[in-house]
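Residue numbers (UniProt numbering): 1 to 608.
Before any comments, here is the structure.
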């Protein structure tokens, strides 16, 4: 009976790690140094705000920070009687505030108090002074759940609260909070806690609890928590119970349904070598031991990202959350595989994870993803084919034991979901040079024998100026394109097949592509059209306007025209006709340049 009573008392007195090791001051709050520094400086200088908005994902310490802040505002000891962030010793109100039972620190869950009536009650109560503390502090959690009427009712009090009232808001959905409320508060974005920092934090708690734990297990828990301190402690608590006080990597892996990181690396190597049989066998073994297929592919994608990162940032291998196998083997693979290979694998895995999550048979879908990855590993990159370094598909077929050859250094793999075409000159036995074209797709490589590529044909239409382009557009009756070229294009230089231009600020976004496509179509040859940094000449529209103004000035200076304008004071030059061959064209008497009279169809002669 006594032993049973002791066991019952022990169970009743147990506190979960997330509550037991909840930070009580800013020195024990991990991962939020920028916020702590700002608050420390504000309290030291007396620039204490009237309201704060704490935002971040679940478990990063929003409510804990709010309680610590309430404690700092009401901190009072025999030696200190002012707001302070230095909370080394417990003050008069500290214990009650941290336990959530202080009469002057009111915590409200906005998820269950969403209406205007709840806010109206707060508005009525803020008029009264605190009972015992320095400030009356209102902590409203999940504030984004308040209704529009509740937010509007809170605005005036929030903007001009009494001197003895402070507001602290916490939310995971900052975008749902009205901007009118945000503008009246100081906002702090609490960050996700780094996995390495979480690993160290869990290790220190394990020492305090005298728990035997493997470093790899701590790393797995930190990764599974995704930056949430509370989640990491909850998982750690579960792992301790699962292992009866001893936390091993195998136990955590089985508990979370994770794949062995070493086996994930083995699977990655099988896929990168194009060994389909080994890859499928490894996936089946992990699946039989309880690993979720989508989780396996997610871990595979994470390792792909790690290898890519190690290629550019080798010091990333020092991350405490990485296992020894990830450090050593990941660094070796980073020096072997090309970025094209890794990028292709990343894209295919992202698409494959979605397929597995929505498939009726996830393990079958995962196997198909691995088959695609392994098959793509056989394909050389386009650059390797062009340089003659990459093996053709016939050279990368499985050997008798079903294992593909290892990847060459520098990345003999490549390709991707999009098709790529490479050409190589070959000399068949019958003579006559031909071109072998390798059409590289995700589905399968296709070899096609084609006649040798002939040189680019001579253009059927000569283009040597912008005026020639406009003439082509005019002949094709493409008026919008013609207008765009005349108004927006400044010529820098032009030669057969190459055009350098500068565009005006109001040029359409598609004009550059339109010019290239239309020139290729109209001239029968490929054109490369680029935008130059040089200013270029005038646009055709500017040239025409300049010519027209010059002709107008010359006309006004002509004695005959001047006499007509003087004889008819209200007359104007309404049009200037610029003939293409001024020396050969007779004046058009039916369309005179000067209209000495008033058009009876025009109400206002000044508009002529």
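Cβ coordinates follow ideal geometry from the N, Cα and C atoms, glycine included.
In the structure shown, residue 500 adopts extended strand secondary structure according to DSSP, grouped into three states. For residue 368, the enclosing alpha helix (DSSP H) has its first and last residue at 362-377.
When secondary structure is reduced to three states using DSSP, residue 53 falls in the strand class. Listed as beta-bridge partners of residue 166 by DSSP are 137. The alpha-carbon of residue 62 is positioned some 7 Å away from that of residue 56. When C-beta atoms of the segment 297-313 are compared with those of the segment 329-338, three or more pairs fall below 8 Å, so the two segments count as touching. The beta-carbon separation of residue 136 and residue 165, rounded to 5 Å, stays under the 8 Å limit for a contact. Residue burial is scored here from C-beta neighbours: residue 474 has fewer than 16 other C-beta atoms within 10 angstroms and is therefore classed as exposed. Non-local C-beta neighbours of residue 146 in its own chain, meaning closer than 6 Å and more than five positions away in sequence, comprise 110, 114, ordered along the chain. Residue 349 sits close to residue 300, with the two beta carbons spaced by under 9 Å. Looking at the DSSP output, residue 189 shares a beta bridge with 55. Where residue 109 is concerned, the enclosing beta strand (DSSP E) starts and stops at 105-109.
Counting of Cβ neighbours within 10 angstroms places residue 295 among the buried residues, the total reaching 16 or more.
Residue 352 places its beta carbon 9 Å or farther from that of residue 339. In the DSSP assignment, residue 247 forms a beta bridge with 213. Under the criterion of beta carbons closer than 8 Å, residue 202 and residue 222 qualify as touching, at roughly 7 Å. A direct Cα-to-Cα measurement between residue 112 and residue 30 gives close to 30 Å.
Between residue 71 and residue 108, the beta carbon gap of about 18 Å keeps them out of contact (Cβ cut-off 8 Å).
Residue 317 is not a Cβ neighbour of residue 272, given a cutoff of 9 Å.
Rounded to the nearest whole angstrom, the C-alpha separation of residue 53 and residue 74 is 19 Å. In this structure, the alpha-carbon of residue 286 lies about 39 Å from that of residue 171.
Of the candidates 96, 143, 58, 28, the residue whose Cα lies closest to the Cα of residue 86 is 28. The beta carbon of residue 256 sits closer than 8 Å to the beta carbons of 220, 224, 235 from its chain, once the five residues preceding and following it are set aside; these are given in chain order. Looking at 131, 470, 217, the one whose alpha-carbon comes closest to that of residue 105 is 131. Exposure of residue 128 is indicated by the presence of fewer than 16 other C-beta atoms within 10 angstroms of its C-beta. Beta-bridge analysis with DSSP links residue 528 to 498. Judged by beta-carbon spacing, residue 42 lies within the 9 Å limit of residue 49, meaning their Cβ atoms are closer than that value. With 16 or more other CB atoms across the displayed protein chains lying within 10 angstroms of its CB, residue 292 is buried. DSSP places residue 491 in the strand class (E or B) of the three-state scheme.
Counting C-beta atoms within 10 angstroms of its own C-beta, residue 231 has 16 or more neighbours from the protein chains shown and is therefore classed as buried. The continuous stretches of alpha helix (DSSP H) do not include residue 30, and DSSP gives it neither H nor E. Rounded to the nearest angstrom, the gap between the Cα atoms of residue 521 and residue 538 is 26 Å. Inter-segment contact for the segment 557-568 and the segment 504-512 is absent: fewer than three beta-carbon pairs are separated by less than 8 Å. Taking every protein chain shown into account, the CB of residue 243 has 16 or more other CB atoms within 10 angstroms, so this residue is buried.
No Cβ-Cβ contact shorter than 9 Å links residue 502 with residue 544.
The Cβ-Cβ distance between residue 536 and residue 492 falls below 9 Å.
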